[in-house]
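Engineer: Quick one: this structure, given as structure tokens, is what I'll be asking you about.
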Amino acid sequence: MELERLQRIVIQCRKCPRLVAYLQEVSQHKPRRYRDWDYWSKPLPSFGDPDARVLIVGLAPAANGGNRTGRMFTGDRSGEWLFNALYQFGFANQPNSLRRNDSFKLQDCYITATIRCAPPKNKPLPEEIENCRPYFLEELDLLKNAKVFIPLGQIAFAQTLKSLRLKGYDAPPLSFGHGKSYTIPAGDRLRTPNSELRTISLITTYHPSQQNTQTGKLTRPMFHRIFRTVKKKLEVEP
Ligand code: SF4
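All you need for the numbering used here is the position in the sequence shown, starting with 1, plus 8.
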């Protein structure tokens, strides 16, 4: 399957020397609580339901979270929030996941990220984002049913918009905030006689990072409101 082929390519990617070196460094300086873990320390493939209508776009893996377990958001605090919300709204079969290859499964939902290697201080460089963009652009082609996009946080929002424009969607300048909802139609260059055109709904949220959740900038009711909106959208426009 094409998505699996892409995921295999991603895992072997070494386009960003700074990040390749950082992943090695992290695995050699594990915090005490994870000292028995054999860190994944490679780029993380996206995962989920290939027929999903909902696409979640994270920023980057966490050095001691996804980079440790080998699956995006698995085993980190942001993942606890995200997976709990996905479970509450019927997009996941269990409320959390601590390890890759446990029985956690996404339904009608797919998770990807702006970049696939953990960056130092969670801050990717612009050229690293560009290096990783082709993988996201290819996912947009392969995830044919994806139409409700939830970028987590402002950077993922800006980068998702940029990618949609590169793909030919008509996305005007849009402002970021929590709980905004935008409709992004396919542009003229995507309109060919036999093309099946998608209109993308983009729903914005603050990132469920510890910084946001511990300070109360993002609360569970606020985060769950996003998924309530998503559910309604899917009901109205299945
Ligand atoms: S961030 Fe993306 S492009 Fe850079 S090495 Fe990792 S997978 Fe490759």
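Note that beta-carbon positions come from the ideal geometry of N, C-alpha and C, so glycine has one too.
Grouping DSSP H, G and I as helix and E and B as strand, with all else coil, what is residue 237?
Structural biologist: Position 229 of the sequence shown, counted from the start, is the residue given in the question as residue 237. Correct three-state label for residue 237: helix.
Engineer: With residue 189 as the anchor, note down where its alpha helix (DSSP H) starts and where it stops.
Structural biologist: In the sequence shown, counting from the first residue as 1, residue 189 sits at position 181. Element bounds for residue 189: not the alpha helix (DSSP H) but the beta strand (DSSP E), 189 to 192.
Engineer: According to DSSP, what are the bridge partners of residue 209?
Structural biologist: Taking the first residue of the sequence shown as 1, we reach residue 209 at position 201. For residue 209, which the question treats as bridged, DSSP gives the partners 156, 191.
Engineer: Based on DSSP bridge pairs, tell me the residues matched to residue 100.
Structural biologist: Numbered from 1 along the sequence shown, position 92 holds the residue referred to as residue 100. BP columns for residue 100 point to 114.
Engineer: Assuming residue 19 contacts residue 80 under a Cβ cut-off of 8 Å, what Cβ separation, rounded to an integer in Å, is found between them?
Structural biologist: For the purposes of this step, residue 19 is taken as residue 11 along the sequence shown, with counting starting at 1. For the purposes of this step, residue 80 is taken as residue 72 along the sequence shown, with counting starting at 1. Rounded, the Cβ-Cβ distance is 12 Å, inconsistent with contact.
Engineer: When you compare the segment 53 to 64 with the segment 103 to 118, are there three or more beta-carbon pairs, one atom per stretch, that lie closer than 8 Å?
Structural biologist: With a cut-off of 8 Å, the segment 103 to 118 and the segment 53 to 64 count as touching, because enough Cβ pairs lie within range.
Engineer: Taking its Cβ as the centre, do 16 or more other Cβ atoms sit within 10 Å of residue 181, making it buried, or is it exposed?
Structural biologist: Translated into positions along the sequence shown, residue 181 becomes position 173. Exposed: under 16 other Cβ atoms inside 10 Å.
Engineer: One question on the structure: do residue 174 and residue 11 come within less than 7 Å of each other, judged by their Cβ atoms?
Structural biologist: If you number the sequence shown from 1, residue 174 lands on position 166. If you number the sequence shown from 1, residue 11 lands on position 3. No, they are not a contact pair.
Engineer: Quick check on DSSP: helix, strand or coil for residue 177?
Structural biologist: Position 169 of the sequence shown, counted from the start, is the residue given in the question as residue 177. Correct three-state label for residue 177: strand.
Engineer: Within 6 Å: the Cβ of residue 23 and any heavy atom of ligand 1?
Structural biologist: The sequence position of residue 23 within the sequence shown is 15, counting from 1. Checking every heavy atom of ligand 1 against the Cβ of residue 23, one is found closer than 6 Å.
Engineer: Are there three or more Cβ pairs, one per stretch, closer than 8 Å when the segment 39 to 49 is compared with the segment 132 to 143?
Structural biologist: Segments in contact, no.
Engineer: Looking at ligand 1, does it come within less than 6 Å of residue 51, judged from the CB to the closest heavy atom?
Structural biologist: The count along the sequence shown starts at 1 and reaches residue 51 at position 43. Yes, Cβ of residue 51 sits closer than 6 Å to a heavy atom of ligand 1.
Engineer: Please return the same chain residues whose Cβ sits closer than 7 Å to the Cβ of residue 176, not counting the five positions on each side in sequence.
Structural biologist: Here residue 176 is taken as the residue at index 168 of the sequence shown, counted from 1. Contacts found: 194, 195, 197, 198.
Engineer: To the nearest angstrom, report how far apart residue 86 and residue 222 are at their CA atoms.
Structural biologist: The count along the sequence shown starts at 1 and reaches residue 86 at position 78. The count along the sequence shown starts at 1 and reaches residue 222 at position 214. Whole-angstrom Cα-Cα distance: 11 Å.
Engineer: For the segment 43 to 58 and the segment 88 to 96, state whether three or more C-beta atom pairs, one from each stretch, are separated by less than 8 Å.
Structural biologist: In short, these stretches do not touch, since the Cβ pair count stays below three.
Engineer: What's the call for residue 219, buried or exposed, on a 16-neighbour Cβ count within 10 Å?
Structural biologist: Numbered from 1 along the sequence shown, position 211 holds the residue referred to as residue 219. Classification for residue 219: exposed.
Engineer: For residue 105, count the other beta carbons within 10 Å of its own beta carbon; 16 or more makes it buried, fewer makes it exposed. Which is it?
Structural biologist: The residue you call residue 105 lines up with position 97 of the sequence shown. Per the 10 Å Cβ criterion, buried.
Engineer: Mark residue 147 as exposed unless 16 or more other C-beta atoms lie within 10 angstroms of its C-beta, in which case mark it buried.
Structural biologist: Residue 147 sits at position 139 when you count from the first residue of the sequence shown. Residue 147 is buried by the Cβ-count criterion.
Engineer: Just checking residue 125 against ligand 1 - is the residue's beta carbon closer than 6 Å to any of the ligand's heavy atoms?
Structural biologist: Within the sequence shown, the letter at position 117 stands for residue 125. Yes.
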